[in-house]
Structure formats: C-alpha cells, structure tokens
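Structure first, commentary second.
2 protein chains.
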Amino acid sequence: MNLPGQPPKQGARSLDPHLRRYAARTAGMTASEIRALFAVASRPEVVSLAGGMPHLAALPLDSLSAEVADVVATEGLVALQYGSAHGVPELREQICDVMALEGINAHPDDVVVTVGSQMGLDMVTRIFCDPGDVVLAEGPSYVGALGSFAAYQAQVVHVGMDADGLVPEALREAIASVERSGRRIKFLYTIPNFHNPAGVTLAVQRRAEVLDICRAHGILVVEDNPYGLLGFDGVTYPALRSTDPDNVVYLGSFSKTFAAGLRVGWVLAPHAVREKLVLAAESATLCPPTLNQLIVSRYLSTHDWKGQIKTYREAYRERRDAAISSLEQHMPLGSTWNKPTGGFYVWVTVPEGIDTKAMLPRAITQRVAYASGTGFYADGLGSRQLRISYCYPTPERIREGVRRLANVLKDEIELHETFGPTVGRAVSGPHSPSPDTA
Amino acid sequence: MNLPGQPPKQGARSLDPHLRRYAARTAGMTASEIRALFAVASRPEVVSLAGGMPHLAALPLDSLSAEVADVVATEGLVALQYGSAHGVPELREQICDVMALEGINAHPDDVVVTVGSQMGLDMVTRIFCDPGDVVLAEGPSYVGALGSFAAYQAQVVHVGMDADGLVPEALREAIASVERSGRRIKFLYTIPNFHNPAGVTLAVQRRAEVLDICRAHGILVVEDNPYGLLGFDGVTYPALRSTDPDNVVYLGSFSKTFAAGLRVGWVLAPHAVREKLVLAAESATLCPPTLNQLIVSRYLSTHDWKGQIKTYREAYRERRDAAISSLEQHMPLGSTWNKPTGGFYVWVTVPEGIDTKAMLPRAITQRVAYASGTGFYADGLGSRQLRISYCYPTPERIREGVRRLANVLKDEIELHETFGPTVGRAVSGPHSPSPDTA
C-alpha cells in the first residue's frame, strides 16, 4: 500500500515509478498476444494469417474519394464540428435499414453510434459490470471482448461450442455452476454468426433456446454481429435481437462491411439502457467523429452498399476455399479444423503435444504468422488451437502460408516425437499454461 | 440486491426493467446540464452562449476537401484500415512539433493518439483511479472531466482559483484535508491556460510551486491544455510538462486549433505510463480512426497550421472583446466577471440571491442560453455563476445575447427584491442546492 501523501516507492524489481499509483483494474491489462505479433507479422516476407484486417482492395477508392471531398466541401461545418454522443440522426436511421436485413425492427432513437463496435462493447461493459461480476462468453471468444471485460474486472466464464455454435446444455451448466458459487452473471456475450475465432454459426433452431435460457435466468444477451452479412451461401441469419428486443443488446459495425479505419460501429439497446449508454459514451469520447459518420451515411445513400457486401463475400469465399483446400492438402495427421460458411476465420486444432503459442516464434522464422489459441480464452485454454485469418492475403499467399504452417507443424511433431512435449514448452516460458495438452 | 439467477425485479417506481443490473458506477452518470440544453439552445432564434463549439467558418474548406480526397485516393488502403492503438507514427512525430511551441521536449513513442482529448482523460482516469480515489481539480472545472471522474467513481475535491489560476496555498490545504481523511489522492487535474470555464490562466510564477507541491506529496499532475495556443496577446505559456516530464501527464487536442469533428487528441505520458495507456486504449476502441489521423497529419504538413491558429486567435479575440464590452455596457450592478486573455470563456458571478440554474429556463424564453455554474462543480457549488462561451456566435450575436441575458438578470433581480430568493429556486426544484447563495 502507498499511503496518501507519500511519494510512490520505487521497488527494486520495477523501473516504473508510477507502479503503486495504478488502479487495480490495470492488473488485468496485458498486451494481447495477437496484437503483439502484428509488428513482426507485418514484414512483407511473412505471410500473416494472424490479423483480422478486411480486404479493402475491393473498395472503389476513386468514387469514395470524390464523395468524401464533397462531404467536406458541402457539409464541412457540420462534419468537422462536435456532434452529439448519440450519433448523427440520419445515420442512425440508415443503420436501422442495415439491421432490417437480419430481421431487426428498431427505432433510430435506440441506436447509439460508437467508435467501432469495440467502443460499444466497452460501453456495455461499463454500464453493466462491477468488479467480480461474471460475463458468460463462448470459449474461445473474441480477444478484444476479453480485453474490455478485463478492463472492468469482470470475470469471464466460458461456455462450450460445437459445430452448431454455443451449446445450450453447456450454457445451462455454466449458469448453474456460477449461481452455486454465489457470483452474479451480468450478461452472455455471444457472436452468433461466423464466430471469431471459432468460425462456427449458432444453429437457427438453437437461437430461441439460448434466448429462453438467458431470459429465464435474468441474464441479458449481448449479441456481437460484425460478420452477419458476410455469409458465403447468401444466407443471412435472423439476429437474436430480432425476436427478443427487450433482453438483447446488439452490437453492429461497418468495419467488415465497409471500412474499418473509419471506426464506425453502433449499439442497439432497449430504450432505458440506451440512455445510460449515451451518458457513458459522452464521458468516454464526447461524441463519435462527425466526419466519419457523414462519410458512412453518404456511402450508404449513394453507393451500392449491398453490392459491395456481395463483392466482399465473394472475395472472402474465395479466400476461405484457398485456406480449406490447402489445409486439406498439407496439414499433418491429427490436425482438425472447421469449414466456416462466412466471416474471416478457421479454427484449427493441432496434434496432441504441440503448443501453438510455443511454436509461434518458430513459425515466424519460417515466414508465417497465426494467432495462437490461448489469446482467445480467459482461462489459459487454447494451447492446442490456432486461428487462421484468411481475410487479408491473396488466395495464393494463403496457400503458401498454410503450406509453411504445415511444414512448421511437421517439424514440431518430429521434435515432439523425438524429445517429448517439453521441448515445445520451454520456449514460451512460464506464461504458457497448457491444460488441454497436459 | 438481485440474487444470481433471479430475473430482475421491476420496481413500481421505475419503468426500466434493467434497473437492478447496472454497475454501481452508473449512479454517477447523470445528464450534463450543459449538454441537456444543447437541443433547445440550438434553435436559430436563441443566441447560444452555452456550447463550446469552435468557430469553424475560419477553416479553408475547399483546400481541406481536396487534401482529404487525396488522402482517400492515394492512401485509402491505409486510411480505411485498422491501425495501432498507439496511433500513426508520423502524426505522433508532428504532435511533438506542436508541443514544442509550449517548450515540451518529447519523444513520439510517448505520445498516444486518442479519440479527442476526452478519451485521453477517460483513459488516464481508467488506469489510475479505483473507486473512492480522490482527484483534485480546480473549482470550477471542465464538465467533461467531472463526467469521466464520476464514471470511474473517483471523488473530486475542488481547489480554489483566483485571477492567477489555481491557488498554491489552497492546493496545500486541500491535500492536507484529504490526507487527514485517510483518502488517497491520485492526481491533480488542471487546465493551466485559459481555463474552462473560469477563463483564467495559471501565473507563470505559480507553475513551479504547483509542480513542487504535487511532487512532494507523490501526486501526479494531469495537465489538460486544449486552449494553450489560443492566447490573444501572442503569449504561449510554457506547459507544466515542459519542466516536469516524469510527473506530468499532458493532454492535447486538435479540436480547438483545427477541427473538433475529427476527434483527434493525444496524451503525452511518462514512458511506463504510456504502455498502460496503449493497452487501455486498445480495449476501449482498438485504435483511433486512421483516416482522421492521416487527415490531421496531411493538414499539418501541407497547410499553414500556425497561420490558421493565428486566424482563430483573432476571431476569438474579437468575440471576447464583444462579450466583455457588452457585459460592461449592460450587466446589472453586483455582477462580476473576468477578462480572459485567451480561450473560449468568460465566468460571470451574478448578484446575490440569483440562482443561475433556476433562471435558465426563463433566459431561454428570452432567447439566450448560457451554462449555469453548478455543472462545473462536483459538490453543488456554482449556482451564483454562469459561463458565457463567446467562441461560436458572431460578435453581433454575442452583443445581442449579452443584452438579452442582462435583461433577464434585471427581471430576476426585480422579482427577487419583490418576493425574495425562493421564487428563483422554486423553478429548479429539488436538484438545485445553492450553498453559496444560502
């Protein structure tokens, strides 16, 4: 403890003179394994299957450039000025049109525009989670969500998935277990469509059941749906929000259907919750960037945005196919993966005894990067899994990357068979718990 | 208490079925009086002296439009893509050049780009403040800062100001008083230049003393400096950060020197703190909008940004003069105010017995809006004060607004002299504590 009025003591073990000043929540703030990789993985000789960057080359930059110029020239006094924390009214109306594609019937008043859906997630956690509150989330789950939950000192309890997404029986068991422990569950965080990182989709027949379970237990559902319109078979699933408007908070984003660098996302919330969200957002950023909202609004009204989504879908389907066929061609026996029907990711399980986190530095030496599975769990699981993102590289690069990855794995298996599993683990050091390979 | 597993009970007094689910911090999230006003104050017949919107009409929209178009056309694949939570490297270098004008010698690595300096403030509070921690702040202080502190359940203790800014002796007394109470002070939040809302500037000879006091007590200084380059006499004061790099976290913004709607601000922090800030920012928004960073970077490299600041200064000086001369001409006896030497605001004290919050609805009826003083205090003070923002309206409108305000005040004084102070208070209801007029 640092007593009030005393200067902070500088411990012999730390060079940070501010160490004793930090809030307790900073203990949960650790560098994401995935993002720590980006610098090295972005070297041109490395095929990065690690990041989730959209395939922007599919965008019509010339016509966008002209539209953006016109927004500044004709609406500059609004675009460059402060706006409301709630968001630009016209954009909120258009967002309702976008959500209508998923069966959602919403009022623009209940939409809050955010700086990417990451901010939506952060705001939802801010208004609902006290330290120690439990958030249920699929295991694995989106790494950015785990970061937000940690920032508010919420405890994540993972719920199992299978090929049809979240398993209702596992959800019941997780709820019962948390209730027995006397802790309080604030919400279920779920990515029902083309899951990040698992690539699976919640089966339509399970959706009502998941909603019923949560409703029966007084648990809010936070539905994160950045990839919902990116189904490769032309199928758009009905949002959870479409059938349960009072108990679902929906998070949407233009990052994957338009442009990530604009950072325009939104939250659709029950009316009473929406008021709290606007207040929280105001204290966080005052307002989302007005220019970016007007650009998205203009884009939706002047461009064939549905056609653009179709273009994206086709690009991602081609890349998914490249990833899957290369996996089938090259991966060593004992590896398994799913075939996603939309979105950006394939989730791969490697042969027993291999630690994907420990293997990563050797993979990068072999000029391929991926995201190891442990980053997607709050509880140390995932060391036998890895995520392949096929969204950004060309199909040719994806095939080359998967080939390199398979070679690294084969070398690793050979090492493992010769020297045993400890070889793989020694590299990653004390931060590599690997309960599911033990 | 809502027991785990039980659906939330709907109280008879509330229509919000989620009421029992909210985090404790939401109790401190209340609608800012100032922002609640914006809707009504933005009607064209009302002269709004309430908001702090910059005078964007001074911007060269045509050349900006062309630059923005070029950013999208030639750098679109970067501008519209995800970036790092740290911010675009080239912009961070240019930010160091901007800060050099205030005597700051900084490394670009220690700059973190944020979604406006409001996000910087929120991130700084996030990493330093546990619930119950004390933040010292001038009284009055920036309403958005009070909102962030409340969101993290920090307790604000105000420190008195005079015409030379924060009073060192008052700072010593506040620290001693908090220390006696056993609470822990995390930082002093201060706006040294052209204070919002008080309009005053911390005298140069006091700066070292304030820094010394904080350092001696192990208290970090958070220096918020959005207006520092907007001094009307051509004077730019040395930043607190310039002489104490290890104990000052500096918040900067392009909102007042360029364009607020881009939401580009920054934090300059001691190196160890900077790492925590980047992690916190990543969990909050993943990254600030890349497009906006490239626009600011382009603007700084191709436009005469120092000339633009000079243009802004001249516009604001003219408006300050309009405000001050009208106050002198019209305000009733017993009113006092300061003459700011930079920035956006005049802080007015009205005659005893007048409650500025209670008076506001009547002022709006008379087609003038202002910000009542209570919004700038965490402790209920300020009911005899009001803030006039002269940044946005034309000088002519400012004069008309001040004339209307003076008339409202005169009517109020007459009512007060006839019926006593309760008339003024009855209107604002139970939310109008007014200890300094009692």
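First to last, the protein sequences are chains G and C. Sequential numbering of the first sequence, starting at 1, is according to UniProt numbering. Sequential numbering of the second sequence, starting at 1, is according to UniProt numbering. Glycine residues also receive a C-beta, built at the ideal position from the N, C-alpha and C atoms.
Once you ignore the five residues that flank residue i on each side, which residues in its own chain have a CB closer than 7 Å to its CB?
| i | result |
| --- | --- |
| Gly11 (chain G) | Low confidence applies to Gly11 (chain G): its pLDDT is 41, below 50, so where it sits in the model is not reliable, and the reading given next is rough at best. Hits under 7 Å: Leu19. |
| Arg367 (chain C) | Glu45, Val46, Val47 and Arg404 |
| Arg241 (chain C) | Ile104, Glu223, Val248, Tyr250 and Leu268 |
| residue 488 (chain G) | Lying outside 1 to 438, the shown extent of chain G, residue 488 (chain G) is not represented and no answer is given. |
| Ala79 (chain C) | Val71, Val72, Thr290, Leu291 and Leu294 |
| Tyr377 (chain C) | Gly139, Pro140 and His158 |
| Val178 (chain C) | Val134, Val157 and Ile185 |
Quick check on DSSP: helix, strand or coil for residue i?
| i | result |
| --- | --- |
| Ser335 (chain G) | coil |
| Ala269 (chain C) | coil |
| Gly5 (chain C) | Unreliable placement is indicated for Gly5 (chain C), whose pLDDT of 38 sits below 50; the coordinate value is still reported in the next sentence. Here Gly5 (chain C) sits in coil by DSSP. |
| Ala369 (chain C) | strand |
| Asp16 (chain G) | coil |
| Ala150 (chain C) | helix |
| Gly231 (chain C) | strand |
| Gly424 (chain G) | Because Gly424 (chain G) carries a pLDDT of 43, less than 50, the predicted location of this residue cannot be relied on, and no value is offered for it. |
| Val350 (chain C) | coil |
| Glu138 (chain C) | strand |
| Gly380 (chain G) | coil |
| Gly252 (chain C) | strand |
| Leu101 (chain G) | coil |
| Asp246 (chain G) | coil |
| Gly28 (chain C) | helix |
| Gly132 (chain C) | coil |
| Asp122 (chain G) | helix |
Between which two residues does the beta strand (DSSP E) containing residue i stretch?
| i | result |
| --- | --- |
| Gln155 (chain C) | Gln155 to Val159 |
| Leu220 (chain G) | Leu220 to Asp224 |
| Thr114 (chain C) | Val111 to Thr114 |
Note the first and the last residue of the continuous alpha helix (DSSP H) segment covering residue i.
| i | result |
| --- | --- |
| Ile364 (chain G) | Thr356 to Thr365 |
| Leu240 (chain C) | Leu240 to Thr243 |
Ordered along the chain, which non-local residues of its own chain (more than five positions away) have a Cβ less than 6 Å from that of residue i?
| i | result |
| --- | --- |
| Arg215 (chain C) | Asn247 |
| Glu93 (chain G) | Pro108 |
| Met53 (chain G) | Tyr392 |
| Glu318 (chain G) | Pro395 |
| Ala280 (chain G) | Met123, Arg126 and Ile127 |
| Tyr237 (chain C) | Asn193 |
| Cys96 (chain G) | Ala106 and Pro108 |
I'd like the list of long-range same chain contacts for residue i, defined as Cβ closer than 8 Å, with 5 residues on each side in sequence excluded.
| i | result |
| --- | --- |
| Ala145 (chain G) | Leu121, Ala137, Tyr189 and Asp224 |
| Gly83 (chain G) | Cys287, Pro288, Thr290 and Gln293 |
| Thr437 (chain C) | Its pLDDT being 26, under 50, Thr437 (chain C) is placed unreliably by the model, and the measurement read from it follows with that caveat. These residues qualify, in order along the chain: Glu352, Gly353, Ile354, Asp355, Ser383, Arg384 and Pro421. |
| Val210 (chain C) | Leu166, Pro168, Leu171, Leu188, Thr190, Leu202, Val221 and Leu240 |
| Trp266 (chain G) | Gly87, Arg92, Ile95, Val111, Val112, Val113, Thr114, Ser117, Gly120, Leu251, Gly252 and Ser253 |
| Glu90 (chain G) | Ser297 |
| Thr285 (chain G) | Ala85, Val115 and Met119 |
Next item on the list: Could you name the residues of the region 239-261 of chain G whose beta carbon sits closer than 9 Å to any beta carbon of chain C, in the order they occur along the chain?
Entry: Asp246, Asn247, Ser255, Phe258, Ala259, Ala260 and Gly261
Next item on the list: Only counting runs of 4 or more residues, tell me where the alpha helix (DSSP H) segments fall wholly within the region 173-216 of chain G, in order along the chain.
Entry: 204-216
Next item on the list: Go through the region 42-89 of chain C residue by residue and report every complete run of the beta strand (DSSP E) that reaches 3 residues or more, in order.
Entry: none
Next item on the list: Please specify which runs of the alpha helix (DSSP H), each continuous and at least 4 residues long, are wholly inside the region 283-348 of chain G, giving them in chain order.
Entry: 290-302 and 305-330
Margin query: By the 8 Å beta-carbon criterion, what residues does the region 114-133 of chain C contribute toward chain G?
Written below: Val115, Gly116, Gln118, Met119, Asp122, Arg126, Ile127, Phe128, Cys129, Asp130 and Asp133
Next item on the list: Note down, in chain order, all residues in the region 63-76 of chain C with a beta-carbon under 7 Å from any beta-carbon belonging to chain G.
Entry: Leu64, Ser65, Ala66, Val68, Ala69, Val72, Ala73 and Gly76
Margin query: Restricting to runs no shorter than 4 residues, where is the alpha helix (DSSP H) found entirely within the region 384-421 of chain G?
Written below: 395-419
Next item on the list: Using a Cβ-Cβ cut-off of less than 8 Å, give me the residues of the region 101-115 of chain G that come near chain C, in sequence order.
Entry: Val115
Check: Of all the residues that make up the region 170-184 of chain C, which are near chain G by a beta-carbon distance shorter than 8 Å?
Finding: Ile175, Val178, Glu179, Gly182, Arg183 and Arg184
Notebook entry, point to check: Which residues, taken in chain order from the region 275-294 of chain C, show a beta carbon closer than 8 Å to some beta carbon of chain G?
Noted result: Lys276, Leu279, Ala280, Glu282, Ser283, Ala284, Thr285, Leu286, Cys287, Pro288, Pro289, Thr290, Leu291 and Asn292
Item checked: Interface residues of the region 339-364 of chain C facing chain G [CB-CB below 7 Å] -> none
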